[in-house]
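Enquirer: Residues 0 to 145 in numbering that gives the first Met the number 0 are what the sequence shown lists, from first letter to last.
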Amino acid sequence: MTETPHDPKLAAATDIIFNCPFCNKSLAIDLRGAGLMVTCPDCGRDVQVPAPAPGDTLEEVPTPPMTVSAEALAAAHTKIERLVDSLEEIRERRRYLEHLRTENMARFQQIGGEVEVIQNSLDRIVGLLQAAAADEKKSGEPPPES
Ligand SMILES: [Zn+2]
């Protein structure tokens, strides 16, 4: 139990800081000493340690940061694992889509080839029809005018 005079700036967060009511010396004592009678090291009188003021020392007791960090770290790790899973899924989907695209490209090229064949046939048919129409104009009588 600390009864020695204390620099408040150096006191632990779990200490009660109070002044001796007799000599006004600044004293610090562990929180567990609240309500106890202690002897002032300066004036030698018995002093009762006050209860810590609410919102003073008690709420300043820091939560162990390592525990918080470990939990946050674990949560982050879980999130990262999920993201990696999602990324792998996306990559697989992309691979599948690229495979489909390649397959479709081959199919489209094939269809394009067939369309070209049809187009060439149509061109030939149109040419034949135009030739037939020209022959008919030459040999046939001009259409009667009304
Ligand atoms: Zn004193």
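The beta-carbon is built from N, C-alpha and C at its ideal position, and this holds for glycine as well. Because the structure is a prediction, the values reported are computed rather than measured.
Report the residue from MET104, SER138, LYS24, LEU30 whose alpha carbon sits nearest the alpha carbon of GLY43.
Expert: Counting from one through the sequence shown, the residue named residue 43 turns up at place 44. Nearest of MET104, SER138, LYS24, LEU30 to GLY43, Cα basis: LYS24.
Enquirer: In whole angstroms, what separates the C-alpha of ALA105 from that of ARG90?
Expert: For this step, residue 105 is matched to residue 106 along the sequence shown. For this step, residue 90 is matched to residue 91 along the sequence shown. One C-alpha to the other measures close to 23 Å.
Enquirer: Tell me the residue span of the beta strand (DSSP E) that contains PHE17.
Expert: In the sequence shown, the residue the question calls residue 17 occupies position 18. Per DSSP, PHE17 belongs to the beta strand (DSSP E) from 14-18.
Enquirer: Around the C-beta of ALA75, are 16 or more other C-beta atoms found within 10 angstroms, so that it is buried, or is it exposed?
Expert: Looking up residue 75 in the sequence shown gives position 76. So ALA75 ends up on the exposed side.
Enquirer: DSSP three-state call for ASP45: helix, strand or coil?
Expert: One-based indexing of the sequence shown puts residue 45 at position 46. Residue state, collapsed to three classes: strand.
Enquirer: Would you call THR69 buried or exposed, if buried means 16 or more other Cβ atoms sit within 10 Å of its Cβ?
Expert: Locating residue 69 in the sequence shown gives position 70, where the first residue counts as 1. Going by the sequence as given, residue 69 is Ala instead of Thr. ALA69 comes out exposed.
Enquirer: What residues sit near ligand 1, counting only those whose C-beta is closer than 7 Å to one of its heavy atoms, in chain order?
Expert: Here the residues come out as CYS19, PHE21, CYS22, LYS24, CYS39, ASP41, CYS42, ARG44, VAL46.
Enquirer: Just how far apart, CA to CA, sit PRO7 and ILE16?
Expert: Taking the sequence shown and counting its residues from 1, the one referred to as residue 7 is at position 8. Taking the sequence shown and counting its residues from 1, the one referred to as residue 16 is at position 17. Confidence in PRO7 is poor, its pLDDT being 49 and thus under 50, which makes the residue's placement too unreliable to answer from.
Enquirer: Take the Cβ of ILE28 as the centre, count every other Cβ of all protein chains shown within 10 Å, and call the residue buried at 16 or more, exposed below.
Expert: Indexing the sequence shown from 1 puts residue 28 at position 29. ILE28 comes out buried.
Enquirer: Report buried or exposed for VAL46, applying the criterion of at least 16 other Cβ atoms within 10 angstroms of its Cβ.
Expert: In the sequence shown, the residue the question calls residue 46 occupies position 47. Buried is the call here.
Enquirer: Select from LEU30, CYS19, ASP84 the residue whose C-alpha is nearest the C-alpha of THR38.
Expert: Sequence index remark: in the sequence shown, residue 38 carries index 39 (1-based). Nearest option by C-alpha distance: CYS19.
Enquirer: How far does the beta strand (DSSP E) with ALA50 in it reach, from first residue to last?
Expert: For the purposes of this step, residue 50 is taken as residue 51 along the sequence shown, with counting starting at 1. Element bounds for ALA50: n/a, residue is neither H nor E.
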